[in-house]
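Order-wise, the sequence lines are chains A and B.
Count along the first sequence starting at 1, add 538, and that's the number in the working numbering.
Count along the second sequence starting at 1, add 100, and that's the number in the working numbering.
Data first, discussion second: the structure below is written as structure tokens.
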Amino acid sequence: MTEIRQRLLRNAIGPMVPLTAVLLALIIGAFMVLAFGGDPIEGYRAMFSGAFGGWDELSETTLRATPLLLVGVGICIAFRSSVINIGGEGQIIAGALLCTTIVLVLPDLPRPVLLPLALLGGAVGGAFWGWMPGMLKAYAAVNEILSTIMLNIVAGYLMQFLLLGPMKDRQSEELGDIAQTERLSENAKLPTLLEGTQFNLGIVVAVLAAIVGFVLLWRTSLGFEMRAVGGNQIAAQYAGMRVKRNIVLALTFSGMMSGLAGAVLVLSSTAHRLSVESGPSGFTQLAGFNGIVAALFGALHPLWTIPASFLFGGLLVGAFALQRAVQVATPLVVALSGLVVVFVVSSESIVTRAREWAERVSQIAKGGSSSGNEPSTPLGATDPGSPRAPDSASEPESTQTPETSSETIVT
Amino acid sequence: MPANSLQSQSQPESQSESPSPPSPYLLEMRGITKQFPGVLANDRVDFNVKAGEVHTLLGENGAGKSTLMNVLYGLHQPDEGEVRMNGEQLSISSPSDAIARGIGMVHQHFMLVPTLTVTENVALGLKSDRRPLTDLPTVEKRITELSQAYGLQVDPNAYVWQLAVGERQRVEILKALYREVSLLVLDEPTAVLTPQEVEELIAVLRQLATDGRGLVFISHKLHEVMSVSDRITVLRDGHVSGETTPAETSREQLAQMMVGRPVKLVPDKPEVDVGEVKLVIKDLEVEGDRGNLAVNGISLEVLAGEIFGLAGVSGNGQRELAQAIAGLREAKSGTVSIDGTDVTNAHPSSVRKAGLSYVPEERMRDGVVSGFSVSENMMLLSRRESEFARFGFMRFGAIKEHSSNLVDRFAVKTPNIDTPTRNLSGGNIQKLILARELSSSPKVILAAQPTRGVDIGAAEYINEQLAKQKANGCATLLVSEDLDEVLALADRIGVIYEGRLMDVIDAKTATPHQLGLLMAGVAKAA
């Protein structure tokens with residue numbers, strides 16, 4: 539009985555903690571709104587209804603969540619393989635560029651051919667942009683955090699160069715130097731799912747990608763190897779796995795997902811063209827970074843990343859409603875989402891502590907006494923079987939607790 | 101003297117307490133109970149030490165030795181029970197309290213700063229008489245006195261990184277003596293020493309006891325326990341399962357007290373007709389991490405149905421040799437071949453394909469993915485075999501069956517096969533690795549320290565399994581620092597010293613003394 543309850547408690551804590559983290563961030567945010575002379579309750583009401591209050595709001599949130607989810611799934615794949623991919627921005631852009639190029643070159647293909655081809659182009663573009671730092675890490679020992687960040691910048695300038703040069707919209711030439719392509723072929727528009735709303739095929743693609751990501755990581759031998767490499771490179775290598783190949787693959791898959799996000803962003807944009815008018819991050823909506831938060835929010839699990847992306851996307855959309863409603867300065871909105879990020883990212887250690895706490899509570903409920911003192915590291919490594927980490931001490935040792943063997947041998 | 105200033109710090113406190121009743125014991129721990137979530141680590145444990153005796157604390161991993169000593173050293177607070185020294189009740193809330201009360205501890209993993217000298221390490225954390233300036237010459241003088249008095253030879257001006265393991269241990273002991281401890285706890289002090297060094301250490305410990313100190317000796321090597329102890333307390337599952345003296349007991353009895361059932365200490369050595377050569381190592385040279393020649397021209401052959409024991413003090417090239425065989429480290433020159441296939445500098449997957457199974461030395465680090473479940477770790481090798489994967493997808497039905505099967509067959513103690521491996525005890529992780537490695541029907545087994553840190557019951561089982569593989573015609577290279585283990589299991593014994601094979605001896609004629617000399621680098625003992 540107690541064991542079942544203990545397990546329930548433990549599993550309930552998992553998703554609860556990121557939610558609590560958001561709540562904490564919002565509470566602190568409330569004080570910030572107060573300090574700016576706004577009414578936080580009114581603000582948050584506006585925020586909520588701005589994100590989830592109606593079909594328009596929901597579809598806006600969905601639009602925002604789609605790239606977050608795609609990038610987030612890629613982040614799950616990379617982080618599970620112990621590869622830190624900060625290159626989502628660049629991979630989105632690379633995907634968008636290749637996708638746009640395909641549509642510009644072959645505008646007259648029928649929709650059932652052009653659309654998959656364009657999405658595929660996005661995936662390939664992003665995959666290439668992930669493959670590069672993967673190769674650099676595996677074969678030249680270049681830290682992937684640095685190389686992916688650098689490649690973000692390279693991608694940004696590459697997009698500016700292409701959109702002002704070979705891919706530039708010839709018709710808008712007389713309007714001056716506007717860095718954008720011409721309007722794309724209608725055959726390449728992502729179809730709307732619900733008449734009269736902005737819901738489009740993009741979210742379906744993203745959810746499918748999340749399922750694919752899950753199946754890849756937990757149902758295939760390849761994913762098994764990637765996770766093994768992520769969990770313990772030495773053990774993986776000694777078990778005969780090709781560690782370098784797996785590192786390259788992890789970054790390639792991760793980039794592929796972001797590239798897909800780039801394609802979806804282009805093909806579902808209202809202007810239906812690739813434009814860098816408001817800078818590269820104006821196009822990506824910073825999904826390359828926010829997707830990391832969504833993935834962490836979803837406990838680095840592709841399926842949990844689905845609700846996480848919706849929640850985080852809603853937060854981003856709602857924050858602007860809040861700003862309009864209570865008339866606070868725009869930076870406050872940025873600060874608020876920053877707070878959420880900090881709390882969500884630090885929630886992992888909160889999870890660990892909450893688990894400890896839950897175990898202790900159920901211990902007390904079981905009748906055992908418990909002091910406030912945490913079991914710290916034991917003497918040395920002599921007794922690896924003695925209680926170590928509190929979350930690991932519970933199960934296996936319980937088979938050899940003193941109650942089970944009371945006989946004493948005295949010589 | 102700095103040490104006196106330390107003594108005087110604790111003096112006023114102890115005087116302020118009520119006059120203590122005379123007690124025959126230096127240390128008395130009464131009814132210590134310590135509960136951790138899910139585990140009763142100490143259950144009303146009584147343990148005491150008289151001045152002038154060596155009292156051994158014996159028990160398997162997880163029996164509660166560390167918890168008891170952590171309570172003594174102020175790292176844990178007991179839920180119940182009391183600690184008395186010289187009859188006076190203490191509450192020790194931190195290691196600095198313990199040190200102030202005259203309790204010293206030599207940890208298994210030395211707590212020394214490698215970039216400082218011996219003197220600096222000893223002075224570390226003590227108040228100098230000339231503060232804020234240091235007073236190292238005084239410290240050095242005292243170290244020299246102490247090391248002469250107890251035969252703890254060490255150069256006070258040497259840097260710790262320059263010292264051999266045995267010397268570092270002496271520094272740890274000197275550190276404690278410098279702080280004028282009355283009670284010294286030594287946690288597995290012999291694990292890193294050669295047999296000769298162990299004898300020296302035991303002599304030092306006896307002398308420390310004779311001078312009126314109380315010593316707590318923690319070990320699981322039964323013959324050492326028998327030779328050093330005045331008294332022995334055995335812990336099992338958190339409670340005292342017996343207290344005895346070496347005169348009243350035997351190694352077999354001690355093992356039984358530790359495990360709770362009769363244990364076969366010396367495994368049966370099946371007589372197997374040796375077959376053809378399975379593992380050939382020829383003139384192998386391998387570089388160590390620092391670019392030194394860690395393996396310096398080793399040649400050996402292991403036959404089918406034979407266990408070749410490679411003995412030696414840790415750090416003499418065993419790790420590099422094992423890694424080179426498994427394809428994890430580049431061989432500079434020479435060849436390795438397994439069952440007729442040349443696998444020199446081949447990828448680990450090719451080496452495995454040639455028929456090698458490898459039980460690595462650092463099992464937590466190299467042998468398992470600790471975040472993976474038991475079942476996932478069982479699949480680490482056979483993840484792509486058609487039985488367990490089809491079209492790239494894993495077949496969970498077959499995997500589950502296979503894993504449960506192995507868990508049963510190899511007696512891995514785990515709640516279920518989905519338990520994260522890091523929750524298992526060291527012995528059970530080792531059984532898991534053995535189950536995985538041996539189930540792939542290997543031709544050559546490379547087992548590095550297979551029973552280190554493993555409790556007696558599991559060690560007995562692991563040894564049985566190795567003997568079984570031998571009977572199946574497997575060639576085994578057993579790398580071990582534990583001479584008893586090598587002598588008990590191996591058919592031939594090679595001794596490695598500074599990357600060279602000193603000699604190869606038939607196990608039937610080998611003696612610990614002879615092997616010990618070879619391990620210390622003394623060439624062929626007549």
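The beta-carbon is built from N, C-alpha and C at its ideal position, and this holds for glycine as well.
Where the beta strand (DSSP E) containing residue i begins and where it ends
i: Ala-394/B; result: 393 to 403
i: Asp-146/B; result: 139 to 149
i: Pro-853/A; result: At residue 853/A the sequence reads Leu, which differs from the Pro that was named. It is not in any beta strand (DSSP E) - Leu-853/A instead sits in the alpha helix (DSSP H) that spans 840 to 864.
i: His-209/B; result: It is not in any beta strand (DSSP E) - His-209/B carries neither H nor E in the DSSP assignment.
i: Ser-433/B; result: 431 to 438
i: Lys-378/B; result: 377 to 387
Nearest candidate by alpha-carbon position, reference residue i, set the options
i: Trp-842/A; options: Phe-752/A, Ser-885/A, Ala-859/A and Leu-702/A; result: Phe-752/A
i: Val-692/A; options: Leu-647/A, Leu-739/A and Gln-629/A; result: Gln-629/A
i: Val-871/A; options: Leu-557/A, Phe-666/A, Pro-578/A and Pro-556/A; result: Pro-578/A
i: Glu-485/B; options: Ser-875/A, Leu-657/A, Thr-758/A and Val-781/A; result: Thr-758/A
i: Gly-417/B; options: Thr-167/B, Ala-394/B and Leu-384/B; result: Ala-394/B
i: Thr-822/A; options: Thr-558/A, Phe-574/A, Gly-592/A and Leu-601/A; result: Leu-601/A
i: Ala-567/B; options: Val-366/B, Ala-291/B, Glu-387/B and Leu-480/B; result: Val-366/B
i: Asp-606/B; options: Phe-408/B, Glu-348/B and Ser-123/B; result: Phe-408/B
i: Val-814/A; options: Phe-850/A, Leu-564/A, Val-680/A and Ile-631/A; result: Ile-631/A
i: Leu-140/B; options: Ile-596/B, Asp-337/B, Leu-506/B and Ala-446/B; result: Asp-337/B
i: Gln-269/B; options: Lys-227/B, Val-218/B and Val-359/B; result: Val-218/B
i: Val-507/B; options: Gly-497/B, Met-494/B and Ser-539/B; result: Ser-539/B
i: Gln-530/B; options: Ser-228/B, Gly-225/B and Glu-560/B; result: Glu-560/B
i: Leu-315/B; options: Glu-188/B, Ala-151/B and Asp-383/B; result: Ala-151/B
i: Asp-582/B; options: Lys-570/B, Asn-563/B, Asn-572/B and Gly-599/B; result: Asn-563/B
i: Cys-614/A; options: Trp-756/A, Cys-637/A, Pro-654/A and Phe-699/A; result: Trp-756/A
i: Val-604/B; options: Asp-235/B, Pro-346/B and Gly-412/B; result: Gly-412/B
i: His-839/A; options: Ser-875/A, Gly-588/A and Leu-607/A; result: Leu-607/A
i: Arg-765/A; options: Ser-620/A, Gly-800/A and Ala-603/A; result: Ser-620/A
i: Thr-626/A; options: Leu-805/A, Val-882/A, Ile-749/A and Ala-832/A; result: Sequence check: residue 626/A is Gly here, not Thr. Closest option to Gly-626/A, Cα to Cα, is Ala-832/A.
Residue i: first and last residue of the uninterrupted alpha helix (DSSP H) it sits in
i: Tyr-458/B; result: Element bounds for Tyr-458/B: not the alpha helix (DSSP H) but the beta strand (DSSP E), 456 to 459.
i: Gln-698/A; result: 682 to 702
i: Met-129/B; result: Looking at the DSSP string, Met-129/B is not in any alpha helix (DSSP H); the run it does join, the beta strand (DSSP E), is 127 to 136.
i: Glu-420/B; result: 418 to 426
i: Thr-344/B; result: From DSSP, Thr-344/B is part of no alpha helix (DSSP H) but of the beta strand (DSSP E) over 339 to 344.
Collapsed DSSP secondary structure at residue i in the structure displayed
i: Leu-615/B; result: helix
i: Ser-907/A; result: Since pLDDT at Ser-907/A reaches only 39, below the 50 mark, its modelled position is unreliable, and the value read off the structure follows with that caveat. In this structure, Ser-907/A counts as coil in the three-state DSSP scheme.
i: Gln-248/B; result: helix
i: Gly-594/B; result: strand
i: Ser-580/B; result: strand
i: Pro-515/B; result: coil
i: Ala-548/B; result: strand
i: Ser-350/B; result: coil
i: Lys-568/B; result: helix
i: Gly-953/A; result: What is shown of chain A runs 539 to 949, which leaves residue 953/A out entirely.
i: Val-292/B; result: coil
i: Asn-477/B; result: helix
i: Thr-238/B; result: helix
i: Pro-818/A; result: helix
i: Asp-606/B; result: strand
Distance cut-off 7 Å: residue i Cβ against heavy atoms of the ligand GDP
i: Gln-771/A; result: Looking at this structure, you won't find the ligand GDP or any other ligand, since it has none at all.
Quick check: the stretch 396 to 406 of chain B against the stretch 374 to 381 of chain B, are there 3 or more CB pairs under 8 Å? yes
Cβ contact (3+ pairs, closer than 8 Å) linking the stretch 574 to 587 of chain B and the stretch 536 to 556 of chain B: yes
Could you pull out every unbroken alpha helix (DSSP H) segment of at least 4 residues lying fully inside the stretch 597 to 653 of chain A, listed in chain order? 626 to 643
Say whether the stretch 424 to 435 of chain B touches the stretch 607 to 622 of chain B, bearing in mind that this needs 3 or more beta-carbon pairs closer than 8 Å, one atom from each stretch. no
Using 8 Å as the threshold, is the stretch 201 to 218 of chain B in touch with the stretch 275 to 282 of chain B, meaning 3 or more CB pairs across them? yes
Sufficient close CB pairs (3 or more, under 8 Å) joining the stretch 517 to 531 of chain B to the stretch 260 to 267 of chain B: no
Pick out the complete beta strand (DSSP E) segments inside the stretch 242 to 288 of chain B, 3 residues or longer, and give them in chain order. 283 to 287
Meets three-Cβ-pair contact criterion under 8 Å: the stretch 124 to 140 of chain B and the stretch 171 to 183 of chain B: yes
Are there three or more Cβ pairs, one per stretch, closer than 8 Å when the stretch 785 to 793 of chain A is compared with the stretch 475 to 493 of chain B? no
Mind the definition here: the stretch 772 to 779 of chain A touches the stretch 680 to 691 of chain A only if three or more C-beta pairs lie below 8 Å; say whether that holds. no
Counting pairs of Cβ atoms below 8 Å between the stretch 168 to 178 of chain B and the stretch 357 to 366 of chain B, do you hit three or more? no
Only counting runs of 3 or more residues, tell me where the beta strand (DSSP E) segments fall wholly within the stretch 724 to 811 of chain A, in order along the chain. none
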